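The opening position of the sequence shown corresponds to residue -15 in our numbering, with each subsequent residue numbered one higher. Ideal placement from N, C-alpha and C gives every residue a C-beta, glycine not left out. Here the structure is a predicted model, which means the values were calculated and not measured. The structure appears right after this line, and notes come after that.
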Amino acid sequence: MFDIGASELLVLVIVAIVVIGPKDLPMALRTAGRWVAKMRSVSNHFRSGIETMIREAEMEEMERKWKEQNERIMRETAAQEAAAAQGQTVDDASDQNDPLPAGTADPVMIGPMPPEDKNGEAVPASGTARP
């Protein structure tokens, strides 16, 4: 910040000793140190306040973007659901609960086949043949 060389610092020390005097120089340096500390404190407080404001502004911007994105997703989802509801007929909706939709092959039976009689018909569970 301040570009003070060694020769300039030596001139300042000599002027301070002559003007202030060697007796009061330590107290003057202490006072100057306190002022510098206060200035640093104030600048740090100001900087932290600015950084806090910047973070809050960034958070507000991010929340706004998230809200817009959420609204867009909700609109798209609602539009997809509406299109799906309009494109589906009553028969299609009732067929969803049928175990075997129309036009499909018979299901494959898993497990042993039931016994058959001579004509190829399944024998009832009671074991009696059909008349």
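Exercise for review: Kindly indicate which three-state DSSP category residue 105 falls into: helix, strand or coil?
Suggested key: For the purposes of this step, residue 105 is taken as the residue at position 121 of the sequence shown. DSSP places residue 105 in coil when its eight states are reduced to three.
Review point. Can you give the Cα-Cα distance for residue 50 and residue 60, rounded to whole angstroms?
Key: Taking the sequence shown and counting its residues from 1, one reaches residue 50 at position 66. Taking the sequence shown and counting its residues from 1, one reaches residue 60 at position 76. Those two C-alpha atoms are separated by around 15 Å.
Exercise for review: Grab me the residues of residue 39's own chain with a C-beta within less than 8 Å of its C-beta, minus the 5 sequence neighbours each way, in chain order.
Suggested key: For the purposes of this step, residue 39 is identified with residue 55 of the sequence shown, where counting begins at 1. Taking residue 39 as the centre and dropping the five residues before and after it, the same chain places no C-beta closer than 8 Å to its C-beta.
Exercise for review: Please report the residue range of the alpha helix (DSSP H) in which residue 10 lies.
Suggested key: In the sequence shown, residue 10 corresponds to position 26, counting from 1. Here the alpha helix (DSSP H) through residue 10 covers 9 to 71.
Point to revise | Extent of the continuous alpha helix (DSSP H) to which residue -8 belongs | key: Along the sequence shown, read from residue 1 onward, the residue named residue -8 stands at position 8. Taken as a continuous stretch (DSSP letters only), the alpha helix (DSSP H) holding residue -8 covers -10 to 4.
Check your understanding: Just checking my contact of residue 9 with residue 0 at CB under 8 Å: how many whole Å lie between their CB atoms?
Key -> Numbered from 1 along the sequence shown, position 25 holds the residue referred to as residue 9. Numbered from 1 along the sequence shown, position 16 holds the residue referred to as residue 0. Contact check for residue 9 and residue 0: beta-carbon distance about 6 Å, within the 8 Å limit, so the pair qualifies.
Check your understanding: Could you give the C-beta distance for residue 16 and residue 4, rounded to a whole number, given that I count them as a contact under 8 Å?
Key -> The sequence position of residue 16 within the sequence shown is 32, counting from 1. The sequence position of residue 4 within the sequence shown is 20, counting from 1. Approximately 11 Å separates the beta-carbon atoms of residue 16 and residue 4; this is outside 8 Å, ruling out the contact.
Review point. Residue 45 to residue 33, Cα distance in whole Å?
Key: Here residue 45 is taken as the residue at index 61 of the sequence shown, counted from 1. Here residue 33 is taken as the residue at index 49 of the sequence shown, counted from 1. Cα-Cα distance, rounded: 18 Å.
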